Amino acid sequence: MSASPSSLDELIDALRCLPGVGPKSAQRMAYHLLQRDQRGAARLARAMSSALEVLRHCERCNTFTEDTVCQRCANPRRDPSQLCVVEMPADLAMIEQTQSYNGLYYVLMGRLSPLDGVGPRELKLDKLLARAGDGSVREVILATNFTNEGEATAHTLASLLGARGLTVSRLSRGVPVGGELEHTDIGTIAQALVERRSV
Amino acid sequence: MALKQRIEQQPAWVLHTLPWRETSLIVEVFSLEHGRAALAAKGARRPMSALRGVLMAFQPLLMDWSGGGEVKTLIRAEWRGGQPLLTGRALMCGYYLNELMLRLTAREDPHPQLFAAYEAAVSALARNEHFELVLRRFEVALLHELGYGLALDAGEDGAVRPDGRYRYIIERGPVAMDADGLEWVDGACGEDDLPLSGQTLLDMAADDFSRAETQIQSKRLLRALINHYLGGQVLQSRRVLKELQEL
């Protein structure tokens, strides 16, 4: 039987919902918040409950926003004929940093992962299909990760979107910019050979 | 008691990875001499980890690990090379192979012949060979190798007539229709019956899945057997594939 008060137990148990946090880490975090940083704890609680209340998924790109349609999707200066599909908001941020893309986005908030039971229903792929089929999108750029799961997602989307008459492209992969073959991993070089292009 | 030992340069394939702690992975591998094993890959999820691009399924690897517990510690993993990554439909078939391996094999139970069959199946998928045939061949090898006894001969003398008609009884094997005292009427067998022609049985025993009838009947038989041995577990890869086809 546990000797600690139930609200402490509840906090420790609640912290375990974070990825990579087991019982030990959760206990350490709870003691830290309660003993050393009560202001931080209060701020965390407020931020969490306000985010839960205010944030929702953008109707068009599925990323988190406080409005029905996020600012990026509502920006008239962006090209509505291009739609770039990424797995997570962090991926979108990376592509934005390149300042090389002026189209719109769709954020899947995950990837297909058959062995983890993540399929089209869990990813809500029908929302993406509806978005890409809105009439203004001409090209869909698949920018999912180059992992097996990212590839499986890209392949699935390519066939679904291609069947709907859209031009579908995929980010290319290969030796990194400024990379020297001598210092590149052999898997990357092998795949770059498979996917070589004529010049 | 399991001895703490160090394994070196072991040919292996990653079947699945799970995030573990902040920056690490638990990697389920299938290796040549040690069968299936769970390895902790410390720091493998750090941005600059050299293991990031290596610990992927469907790539032939050489691995070093040590430890005596249920989960060993991965020391090194390198790419053996010689095979492109799976893409498209082949990748989906690959997930099915891996899920069968995860659900039907036990940890630390070496199966060198199954390892060879797995390696052959993944290479065939990478070459985009006829996917259904690759899967059937692997399923037969898996059931044989795990001792689930896929009986392909019938009756007391065991001889199968190519023009004979049989039905497969799970845990027993094929039974000739006339020997069972049942009259065979086309289309009259129920959902649970597994009708097979003698030629299908002979083809399966000879690893030849080129005939259309063999493909249809063996697919049904192998699916029923695999479902039986899964004991009610649902194959997620099969469910996801089915949902994708419905979109």
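Protein chains in written order, with the working numbering: chain A, -1 to 197; chain B, 39 to 285.
C-beta atoms are modelled at their ideal positions from N, C-alpha and C, and glycine is treated no differently.
Computed from a predicted model, the values in this text were never measured in an experiment.
Cutoff 7 angstroms: B/Ser275 Cβ touching any chain A Cβ: Locating residue 275 of chain B in the second sequence gives position 237, counting from the first residue. Chain A, which has a Cβ nearer than 7 angstroms to the Cβ of B/Ser275, makes this yes.
Any C-beta of chain B under 7 angstroms from that of A/Ala28: What you label residue 28 of chain A is simply residue 30 of the first sequence in a count that begins at 1. No, A/Ala28 lies away from the interface with chain B (no Cβ there is under 7 angstroms from its Cβ).
C-beta atoms of B/Pro150 and B/Arg118 nearer than 7 angstroms: Within the second sequence, numbered from 1, the residue matching residue 150 of chain B stands at position 112. Within the second sequence, numbered from 1, the residue matching residue 118 of chain B stands at position 80. No, the Cβ-Cβ distance between B/Pro150 and B/Arg118 is not below 7 angstroms.
Through-space distance from A/Tyr29 to A/Ile184, alpha-carbon basis: In the first sequence, residue 184 of chain A corresponds to position 186, counting from 1. In the first sequence, residue 29 of chain A corresponds to position 31, counting from 1. A/Ile184 and A/Tyr29: Cα-Cα distance of roughly 46 angstroms.
Below-7 angstroms beta-carbon distance, B/Gly91 vs any chain A residue: One-based indexing of the second sequence puts residue 91 of chain B at position 53. B/Gly91 belongs to the set of residues whose beta carbon lies under 7 angstroms from a beta carbon in chain A.
Beta-carbon spacing of B/Val52, B/Ala88 below 7 angstroms: Position 14 of the second sequence, counted from the start, is the residue given in the question as residue 52 of chain B. Position 50 of the second sequence, counted from the start, is the residue given in the question as residue 88 of chain B. Going by beta carbons, B/Val52 and B/Ala88 fall outside the 7 angstroms limit.
Runs of alpha helix (DSSP H) wholly within the segment 112 to 162 of chain A (minimum 4 residues, chain order): Correct list: 118 to 121, 123 to 130 and 146 to 160.
Separation of A/Cys71 from A/Arg44, as counted between CA atoms: Position 46 of the first sequence holds residue 44 of chain A. Position 73 of the first sequence holds residue 71 of chain A. C-alpha separation (whole angstroms): 28 angstroms.
C-beta contact flag for B/Leu239 and B/Leu181 at 7 angstroms: As a working mapping, residue 239 of chain B is identified with position 201 in the second sequence. As a working mapping, residue 181 of chain B is identified with position 143 in the second sequence. Cβ distance not < 7 angstroms, so B/Leu239 and B/Leu181 don't count as in contact.
Interface flag, B/Gly126 vs chain A, CB-CB below 7 angstroms: Looking up residue 126 of chain B in the second sequence gives position 88. For B/Gly126, a Cβ of chain A is located within less than 7 angstroms of the residue's own Cβ.
Reference B/Gln43; option with closest CA among B/Pro49, B/Ser62, B/Leu112 and B/Gln274: Reading the second sequence from its first residue, position 5 is the one you call residue 43 of chain B. Comparing Cα positions, the closest option is B/Leu112.
Opening and closing residue of the alpha helix (DSSP H) in which B/Leu282 lies: Position 244 of the second sequence holds residue 282 of chain B. Start and end: Gln274 to Glu284.
A/Leu90 versus A/Asn143: straight-line alpha-carbon distance, rounded: Position 92 of the first sequence, counted from the first residue, corresponds to residue 90 of chain A. Position 145 of the first sequence, counted from the first residue, corresponds to residue 143 of chain A. Taking the straight line joining both Cα atoms gives about 12 angstroms.
Within-7 angstroms CB hit, B/Ala82 to chain A: The residue you call residue 82 of chain B lines up with position 44 of the second sequence. Chain A contact via Cβ: absent.
Separation of B/Gln48 from B/Glu146, as counted between CA atoms: Locating residue 146 of chain B in the second sequence gives position 108, where the first residue counts as 1. Locating residue 48 of chain B in the second sequence gives position 10, where the first residue counts as 1. So the alpha carbons of these two residues sit roughly 14 angstroms apart.
Test: B/Val278 CB closer than 7 angstroms to a CB of chain A: Residue mapping note: residue 278 of chain B aligns to position 240 of the second sequence, counting from 1. Judged by the 7 angstroms Cβ criterion, B/Val278 is in contact with chain A.
A/Leu158: contacting residues in chain B (beta-carbon distance under 7 angstroms): Here residue 158 of chain A corresponds to residue number 160 of the first sequence, with the count starting at 1. Ordered by position in chain B, the residues that pass the 7 angstroms Cβ test against A/Leu158 are Leu285.
Closer than 7 angstroms to chain A by CB, B/Glu137: By one-based count along the second sequence, residue 137 of chain B stands at place 99. Chain A, which has a Cβ nearer than 7 angstroms to the Cβ of B/Glu137, makes this yes.
Limits of the alpha helix (DSSP H) - the one that A/Thr186 falls within: In the first sequence, the residue the question calls residue 186 of chain A occupies position 188. A/Thr186 -> alpha helix (DSSP H) spans Ile184 to Val192.
Simplified DSSP state of B/Thr61, which is helix, strand or coil: Counting from 1 along the second sequence, the entry for residue 61 of chain B is found at position 23. Looking at B/Thr61 - three-state DSSP - the assignment turns out to be coil, as it is neither helix nor strand.
As assigned by DSSP and simplified to three states, the class of B/Cys227: Locating residue 227 of chain B in the second sequence gives position 189, counting from the first residue. Because B/Cys227 sits at a pLDDT of 49, beneath the cut-off of 50, its placement in the model cannot be relied upon, and the point is left open.
A/Pro112 and B/Gln283 closer than 7 angstroms at C-beta: Working through the first sequence from its first residue, we reach residue 112 of chain A at position 114. Working through the second sequence from its first residue, we reach residue 283 of chain B at position 245. Not in contact: A/Pro112 and B/Gln283 (Cβ atoms no closer than 7 angstroms).
Beta carbon of A/Val105 nearer than 7 angstroms to that of A/Cys59: Here the question's residue 105 of chain A lines up with position 107 in the first sequence. Here the question's residue 59 of chain A lines up with position 61 in the first sequence. A contact, by the Cβ cut-off of 7 angstroms.
Top-ranked residue by Cα proximity to B/Gly185, from B/Leu173, B/Leu163 and B/Leu142: Start at 1 with the first residue of the second sequence, and residue 185 of chain B comes out as number 147. Of the candidates B/Leu173, B/Leu163 and B/Leu142, the one whose C-alpha sits nearest the C-alpha of B/Gly185 is B/Leu142.
Segment contact, 8 angstroms Cβ cut-off, at least three pairs: the segment 201 to 216 of chain B with the segment 249 to 266 of chain B: yes
Alpha carbon of B/Arg90 to alpha carbon of A/Arg171, nearest angstrom: For the purposes of this step, residue 90 of chain B is taken as residue 52 along the second sequence, with counting starting at 1. For the purposes of this step, residue 171 of chain A is taken as residue 173 along the first sequence, with counting starting at 1. Straight-line Cα distance between these residues: approximately 16 angstroms.
Pair within 7 angstroms by beta-carbon distance, A/Ala128 and A/Leu159: Counted from its first residue, the first sequence places residue 128 of chain A at position 130. Counted from its first residue, the first sequence places residue 159 of chain A at position 161. Their beta carbons are not under 7 angstroms apart, which means A/Ala128 does not touch A/Leu159 by this criterion.
Coil, strand or helix - A/Ala49 by DSSP: Residue 49 of chain A sits at position 51 when you count from the first residue of the first sequence. In this structure, A/Ala49 counts as helix in the three-state DSSP scheme.
Within 8 angstroms of chain B by C-beta, residues of the segment 98 to 132 of chain A in sequence order: Leu110, Pro112, Leu113, Asp114, Gly115, Val116, Gly117, Pro118, Arg119, Leu123, Asp124 and Leu127
Neighbour-count burial assignment, B/Ala144, 16 or more Cβ in a 10 Å radius: Numbered from 1 along the second sequence, position 106 holds the residue referred to as residue 144 of chain B. Classification for B/Ala144: exposed.
Delimiting residues of the beta strand (DSSP E) encompassing A/Ser167: One-based indexing of the first sequence puts residue 167 of chain A at position 169. First-last of the beta strand (DSSP E) with A/Ser167: Thr165 to Arg168.
Inter-residue spacing [alpha-carbon to alpha-carbon] between A/Ser4 and A/Ile10: In the first sequence, counting from the first residue as 1, residue 4 of chain A sits at position 6. In the first sequence, counting from the first residue as 1, residue 10 of chain A sits at position 12. For A/Ser4 and A/Ile10, the distance between alpha carbons rounds to 10 angstroms.
Neighbouring residues, chain B, relative to A/Pro17 (Cβ below 8 angstroms): Your numbering for residue 17 of chain A matches position 19 in the first sequence. Under the 8 angstroms cutoff, chain B gives Pro57.
Three-way DSSP call (helix, strand, coil) for B/Ala158 in this model: The residue you call residue 158 of chain B lines up with position 120 of the second sequence. Helix, per DSSP.
Paired residues, beta bridge with A/Gly101 - DSSP: For this step, residue 101 of chain A is matched to residue 103 along the first sequence. Beta-bridge pairing links A/Gly101 to A/Asp77.
Pair within 7 angstroms by beta-carbon distance, A/Ile139 and A/Cys68: In the first sequence, counting from the first residue as 1, residue 139 of chain A sits at position 141. In the first sequence, counting from the first residue as 1, residue 68 of chain A sits at position 70. Result no, Cβ atoms of A/Ile139 and A/Cys68 do not sit closer than 7 angstroms.
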